[in-house]
Structure formats: structure tokens, C-alpha cells
Amino acid sequence: MDRDRIKNIMQEQGILPQSRFGQNFLCDEKIIQSIVELCEIKKEDRVLEIGPGLGSLTFPLSELGCDLTCVEIDNGLAAYLSSHVTGAEIVNCDFLKYEAASCHDVVVSNIPYYVMTDIMKKLFGEFSDARKMVFMVEDEALARIDCSPATKQYGPLAILCALYGSYSFEFKVPHTAFVPQPNTTSAVISFTRCVTSDILSPEFVRFLNTCFSMRRKMLKKNLVSVASSDEITGAFGKFGISENVRAEELEPAQFAGLYRELMS
Ligand code: SAM
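Mapping to the numbering used here: the sequence shown position 163 is 204, numbers consecutive.
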């Protein structure tokens, strides 16, 4: 899918890119090919694509013979894809409201940047069975994905990423690789699931959100809405966590321990 092809489709179909949906369509065939290869898809895989747009990734993915489901919020784009892609199920809805009927092995998305954090939190909470996730994100979002405790960017998203599996920065993507061109540089990243990611669930995501609900307050204050003071003191004692700790100071594995102790 090159720039001319994207422009032709938009003209033929009367499609105007909607910035409110973060619509910047990928038009660099080398980059598209690299993203598809990073997914390491096998024929028997169930693959989920979020935000297929005009199909830059969808068309090559659909040629792999896998079981492909694509979730697209935009009615016009979903209608276009439904009538032009064979070998993929196109679901026309907001991914944040999407309820999957089955598990997926691979997740791939050129993520709409305006809703990146919510989409990634939902994926790690509800789709953590997937063995591989490959994303295009805004370059400046990398600091929130791969960061250490006690930094300004550290929060639920970084913790979920760390607990899901191994993270790999793959390559940068210039703004010239899109139609229309965004103002920022992008990056392709990938995650490979590890066994300890069994903790990940929608409840665990909610627990992390609670832990960080008042970021500057002590963690125990945030936790009183989900556990008694005695339970919190007991759990902190068990893991050698100071009474005065703030959420941003704990390692990802400590959140997993606290969650198991307090919530299950
Ligand atoms: N995958 C295509 C590509 O690489 O050219 C399009 C990527 S574009 C950056 C993001 C896509 O996500 C758009 O098609 C947009 O309509 C869709 N989208 C935005 N918000 C969404 C949501 N909440 N649920 C599902 N799709 C969404």
C-alpha cells in the first residue's frame, strides 16, 4: 500500500481522514512488511488488529491464512474493508467496548495515538494470553512504556508492559511514512509474553489504577478503598514495603505480590 494507492482509495471512496480518530495511514511498503514480519504469525494463529484503517497492514496480514479479526471504530472505513478484504472479520466498534469471543495469539496495531494508553491497558488486561504484541506508537510515548520506578512517567502502563513480557524497541518511523503526515515521529515496538504474565486481568488493571489514583499520596491511602488498614499493613509487612511508600516507588513485581495478597 503506497502513498498513491492510499490517496486513490480516499478519493474513490470519498474518505477524508478524521483526526479525532487519529487517522494517519501507513504508506511505506518496507515498514508495512517489517511490521508484518515482526508479528511472527503462523497459519493457525488467531490474530487481532486494532484500527485497520484503509488496510495497510490488514491486506498483507489477510494473505497469511491466519484467523484475522480487525476492530475499526470508523463506520466508513469498516464498510470499505468489509467489502474489499477477504479472509478477515471486520468488527465495526470502539475497541474500548469490544468484547472478544475468543483468545488471540498475536495482537498488532498502528495504535491511534489519542487513545494509546487506554487501548494498551485493555490489551494487557484482557488479551494477555496473546504470545506477541506489535505496536506502532508515538515516539514520545516510549518514555511511559519503558521506564523505571521513581520516574515521572512510571505508572500503570509501564507496570503492565513490564509484567506482560519482554519489551523490544524495533525501529523509528518518520512522519513521511503516513498519509496524512502526523507532526511527530513514530516507533514500532514489540512485546513477547512471559509466563509470569498470568497476573494480568481487568481486575489487576483496576487495582493499579487505584494504587496510582492520587499519585503524590502514600500508597496505603489509595488502597483504603479496596482493603482494610490491617490487611494493608499485613501485606506491606509481608513484602517488606515501607508504610510511607508511594505507588511510584514500587517495582512491577511488588504490585503483583500486593494484588495477590490483598485482592485474591
Ligand atoms: N492500521 C492503519 C494503518 O496503519 O494505516 C490505520 C492506523 S490509524 C493510525 C488508527 C486507526 O484506528 C484508524 O483507522 C482509526 O479510525 C482507528 N481507531 C481510532 N480509535 C479507535 C478505537 N477506539 N477503536 C477502534 N479503532 C479505532
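Each residue gets a CB set at the ideal place from its N, CA and C atoms; glycine is no exception.
(message) Just list the residues that DSSP pairs Leu67 with in beta bridges.
(response) Partner(s): Phe219.
(request) Could you pull out every unbroken beta strand (DSSP E) segment of at least 3 residues lying fully inside the stretch 69-110, listed in chain order? (result) 87-91
(request) Rank His145, Val147, Leu201, Leu183 by C-alpha distance to the C-alpha of Lys162 and give the top, closest one. (result) Leu201
(request) Out of Glu179, Gly298, Ile72, state which residue places its alpha-carbon closest to the alpha-carbon of Ala276. (result) Gly298
(request) Return yes when the C-beta of Asn116 is under 7 Å from any heavy atom of the ligand SAM, and no when it is not. (result) Checking the Cβ of Asn116 against the ligand SAM gives no.
(request) Leaving aside the five residues before and after Ser207 along the sequence, list all residues of the same chain whose C-beta is less than 8 Å from its C-beta, in chain order. (result) Phe232, Thr233, Cys235
(message) Below 8 Å, how does it come out for the stretch 69-83 and the stretch 172-180: are there three or more Cβ pairs, yes or no?
(response) yes
(message) Using the three-state DSSP reduction, which class does Lys162 fall into: helix, strand or coil?
(response) Three-state result, Lys162: helix.
(request) Taking only runs that begin and end inside the stretch 119-180, name each unbroken alpha helix (DSSP H) of 4 or more residues, in chain order. (result) 157-167
(message) Using the three-state DSSP reduction, which class does Ala228 fall into: helix, strand or coil?
(response) Looking at Ala228 - three-state DSSP - the assignment turns out to be strand.
(message) Rounded to whole angstroms, what is the Cα-Cα separation between Tyr154 and Gln74?
(response) 21 Å
(message) the ligand SAM and Ile91: does the residue's C-beta get closer than 7 Å to at least one heavy atom of that ligand?
(response) yes
(request) Give a single yes or no on whether Pro221 has its beta carbon closer than 7 Å to a heavy atom of the ligand GDP. (result) This structure simply doesn't include the ligand GDP; it includes the ligand SAM instead.
(request) Report whether the distance from the Cβ of Gly166 to the nearest heavy atom of the ligand SAM is below 7 Å. (result) no
(message) Can you look up Val267 in the DSSP assignment and give me helix, strand or coil?
(response) It is coil, neither helix nor strand.
(request) Could you please give me the residues that DSSP links to Ser207 through a beta bridge? (result) Thr233
(request) Pick out whichever of Glu85, Glu130, Glu179 has its Cα sitting closest to the Cα of Asp146. (result) Taking each of Glu85, Glu130, Glu179 in turn and checking the Cα distance to Asp146, the smallest one comes out for Glu85.
(message) Here's the rule: buried if 16 or more other CB atoms are within 10 angstroms of the residue's CB, otherwise exposed. What is Asn116?
(response) Around the beta carbon of Asn116, fewer than 16 other beta carbons lie within 10 angstroms, which makes this residue exposed.
(message) Assuming contact is defined by CB atoms lying nearer than 8 Å, are Thr158 and Ala129 in contact in what I supplied?
(response) no
(request) Please state whether DSSP places Val214 in a helix, a strand or coil. (result) strand
(message) Is any non-hydrogen atom of the ligand SAM found closer than 7 Å to the C-beta of Val112, if you look at the structure I gave you?
(response) yes
(request) Could you round the C-beta distance between Leu102 and Val88 to whole angstroms and report it? I think they count as a contact, below 8 Å. (result) 6 Å
(request) Would you please state the rounded distance, in angstroms, between the beta carbons of Leu260 and Ala288? I believe it to be under 8 Å. (result) Between Ala288 and Leu260 the Cβ distance is about 5 Å, and since that is below 8 Å, they are a contact.
(message) Once DSSP output is grouped into helix, strand and coil, what is the label at Met255?
(response) coil
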